[in-house]
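My numbering runs 14 ahead of the 1-based position in the sequence shown. To start, the structure under review is shown below, and the notes come after it.
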Amino acid sequence: VCAVSGALQDVSASIEAQQQAQSLLHRLAETLENVNDGFFILDRDWNFVFLNSHAERLLERKRDEVIGCNIWKELPVAAGSAFQRLRESGMDARAVIQFTEWHPPLKRWFKVNARPTVEGLAVYFSDASERKELEERLSQTQRLEAIGQLTGGVAHDFNNLLTVILGNAELLSSELADDRKLRPFADMIATAADSGAALTSRLLAFARRQPLQPQLTNVNQLVAGMEELLRRTLGENIEMEVVHAGGLWVTEIDPAQLENALLNLAINARDAMPDGGRLTIETANASLDDEYAAAHEEVSPGQYVLISVSDDGIGMSHETREKAFDPFFTTKSSGRGSGLGLSMIYGFVKQSGGHAKIYSEIGEGTTVRLYFPRSHHTAAITGPTAEMPEQVLGHQHILVVEDDDAVRQNLIRQLTSLGYHVSATADGPSALEALGDHKDIALLFTDVVLPGGMNGRELADAATATNPKLKILFTSGYSENAIVHHGRLMPGTHLLSKPYRLRELAIKVNKVLNS
């Protein structure tokens with residue numbers, strides 16, 4: 015070679031810039047791969063140009079399957095979402111758009127952050143299902159607390175009114191026993207008062223403010239004792255099968271409330287099978303492990319007694335199932351349901367330390383599972399609740415403490431009609447004076463909520479301190495903390511919940527006096 019003709023150009027800067035750009039792109043891709051959120055990029059034609067691995071996992075799609083494909087074809091659920099609004103605006107917006115959407119095929123909630131760019135759209139998204147469930151549970155808890163506060167505030171006064179209405183209706187029925195024209199109207203008033211009492215009781219049950227009286231219960235015995243009643247309730251076109259588990263554990267619950275819950279579930283099942291069908295009640299021992307408890311925040315892992323009630327009726331949709339325990343929610347036609355049956359069951363189960371779960375599909379039927387904590391105590395076991403004995407009369411001296419004038423006068427009249435000698439006061443201090451003046455008082459019958467700075471519990475403690483043999487009977491329109499601990503009556507506490515009929519009053523007073 016004799017000579018070289020040409021020119022040399024230093025391209026070091028260009029090569030370095032290219033290398034820096036490639037390094038930057040590599041670092042950017044690596045960064046996007048390692049972010050905790052799913053991320054994808056769409057071009058101006060709404061085609062996928064990039065997906066990170068987290069997006070693949072969340073969408074359950076491989077990037078090779080969607081790169082170059084249109085989002086409206088690959089994710090039809092995007093239609094009608096905020097993506098649709100971006101599409102209609104031509105991606106002209108420059109602000110980050112945030113929204114949360116339900117993805118039916120994947121049964122997940124996604125929280126999405128979408129930013130329009132010159133090249134298209136950059137989208138960050140994450141699985142918000144757990145957060146959404148927590149928000150819904152928090153919302154349900156707040157609704158429960160609000161209803162509880164509202165119910166507790168109203169129930170006391172409302173039940174006082176019902177006590178007076180029911181007492182006077184019974185008096186009228188007795189006085190008009192031979193009057194065929196007027197007697198039905200008195201009976202109708204009493205029936206309406208009973209219905210009002212039942213409504214209030216269900217609200218209190220949902221709000222977990224009813225005073226439970228738990229006993230060690232053999233659920234097999236309880237269900238067996240209800241079979242005849244349940245068969246009559248279901249009717250002839252519904253077949254019922256009861257499967258009792260052998261060696262079933264015992265649980266400490268309020269048996270009367272469980273009977274009420276099973277009756278409500280049977281009625282719901284009957285209404286879900288208008289053309290007939292099959293109802294199955296099954297008992298079993300069950301263990302809820304840590305994994306199940308982690309998925310259901312309100313559940314404590316452990317051993318439970320399970321009662322499962324299944325039907326092959328019309329079933330529930332996902333939306334209906336999510337609201338089934340809400341108070342006043344019902345799918346029944348007007349006049350056929352109050353919407354408090356399942357909510358009452360839910361409140362009772364939760365107040366008992368248990369867990370309630372609904373499984374249902376449209377056209378497949380419904381299963382409601384009630385879990386009650388296993389008890390390791392070995393005291394006497396209760397089967398079905400016994401019928402109340404006939405009304406009894408008495409003769410002892412009773413001190414009534416009630417601040418509501420109408421309720422107090424009604425109670426004096428009722429107890430006097432039963433043969434008792436009655437004294438009455440309106441507050442705690444006056445009651446202590448009466449106890450000092452009348453040494454023959456055998457029973458203190460007091461409301462829990464009293465004026466004068468002393469509630470019924472404090473009055474009872476002060477009275478029994480000077481007279482340990484004095485019998486105590488509380489009455490109230492709803493459960494107060496003064497006599498209830500964790501939703502259960504304190505041991506040895508006697509309570510007659512308002513409103514009550516004369517027969518219930520007579521039986522309760524006699525029972526306490528002879529205890």
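Every residue gets a Cβ at the ideal spot worked out from N, C-alpha and C, and that includes glycine.
Where does residue i fall in DSSP's three states?
i      : result
Ala191 : coil
Met402 : Low per-residue confidence applies at Met402: pLDDT is 49, beneath 50, and the placement is therefore not dependable, though the value from the model is reported in the following sentence. Coil at Met402, not helix or strand.
Ser529 : coil
His68  : helix
Tyr434 : coil
Arg388 : strand
His452 : coil
Ile412 : strand
Trp237 : Just to set this straight, residue 237 is Val in the shown sequence, not Trp. Helix at Val237.
Val551 : With the chain covering 15 to 529 only, the question about residue 551 has no answer from this structure.
Lys76  : coil
Thr177 : helix
Gly470 : helix
Val523 : helix
Gly349 : Low confidence applies here, because Gly349 scores a pLDDT of 49, under 50, leaving its location unreliable and the question unanswered by this model.
Ser209 : helix
Gly442 : helix
Phe339 : coil
Leu196 : coil
Val257 : strand
Ala27  : helix
Glu266 : strand
Gly134 : strand
Ala21  : coil
Leu516 : helix
Leu302 : strand
Met358 : helix
His310 : coil
Lys146 : helix
Leu3   : Outside the displayed span of the chain (15 to 529) sits residue 3, for which this structure offers no information.
Ser153 : helix
Ser215 : helix
Can you tell me which residues form a DSSP beta bridge with residue i?
i      : result
Thr489 : Asp461 and Leu510
Gly291 : Ile252
Phe113 : Val126
Gln365 : Paired residue(s): none; Gln365 is not in a bridge.
Met297 : A quick correction: the sequence has Thr, not Met, at residue 297. Answer is Ile321.
Ala375 : Checking the sequence, you will find Glu at residue 375 rather than Ala. In DSSP, Glu375 forms a bridge with Gly379.
Gly52  : Phe139
Phe62  : Leu56
Asn424 : Beta-bridge pairing links Asn424 to no other residue.
Asn182 : Looking at the DSSP assignment, Asn182 forms no beta bridge with any residue, so it has no partner.
Asn84  : Asn61
Leu272 : DSSP, once it has assigned bridges, lists no residue as partnering Leu272.
Ala370 : Leu384
Please check the pair residue i and residue j, which I expect to be a contact at CB under 8 Å, by giving their CB distance rounded to whole angstroms.
i      : j      : result
Leu279 : Ile359 : 7 Å
Arg388 : Gln317 : 4 Å
His369 : His310 : 7 Å
Leu457 : Ser437 : 11 Å between Cβ atoms; not a contact.
Val319 : Phe386 : 5 Å
When you compare each of the options to residue i by their alpha carbons, which one comes out closest?
i      : options                           : result
Asp325 : Asp340, Ile486 and Gly379         : Gly379
Ser143 : Ile328, Arg197 and Phe124         : Phe124
Gly52  : Asp59, Arg58, Glu30 and Arg77     : Arg77
Arg245 : Asn528, Val237, Met254 and Ala238 : Met254
Gly210 : Gln229, Leu176 and Lys195         : Leu176
Trp263 : Ser431, Gly239, Asn232 and Glu79  : Asn232
Gly239 : Glu273, Val319, Ala476 and Asn251 : Glu273
Ile267 : Ser366, Val463 and Pro443         : Ser366
Pro465 : Tyr385, Asp441 and Leu484         : Asp441
Leu65  : Gln112, Leu73 and His508          : Leu73
Gly261 : Pro288, Glu241 and Ala298         : Ala298
Ala212 : Lys364, Ala169, Val237 and Asp192 : Ala169
Val462 : Asn127, Glu416 and Ile455         : Glu416
Glu115 : Asp141, Ala136 and Leu135         : Asp141
Pro90  : Ala69, Ser67, Leu120 and Glu70    : Leu120
Ile455 : Asn127, Met468 and His435         : His435
Ser67  : Ile55, Trp60, Pro443 and Asp59    : Ile55
Thr334 : Ala308, Tyr373, Leu302 and Tyr306 : Tyr373
His409 : Ala520, Gly491 and Val18          : Ala520
Counting only beta-carbon atoms, is residue i nearer than 9 Å to chain B?
i      : result
Leu186 : The structure shown contains no chain B; it holds only a single protein chain.
Counting Cβ pairs, one atom from each stretch, are 3 or more of them under 8 Å apart for the stretch 418-427 and the stretch 173-189? Judged by Cβ distances under 8 Å, the stretch 418-427 makes contact with the stretch 173-189, as three or more pairs qualify.
Touching by the beta-carbon criterion (3+ pairs, under 8 Å), the stretch 448-463 and the stretch 480-492: Cβ pair count under 8 Å is three or more, so yes.
Is the stretch 319-339 touching the stretch 284-298, taking contact as three or more C-beta pairs under 8 Å? Remark: three or more beta-carbon pairs, one from each stretch, lie closer than 8 Å, so the stretch 319-339 and the stretch 284-298 are flagged as touching.
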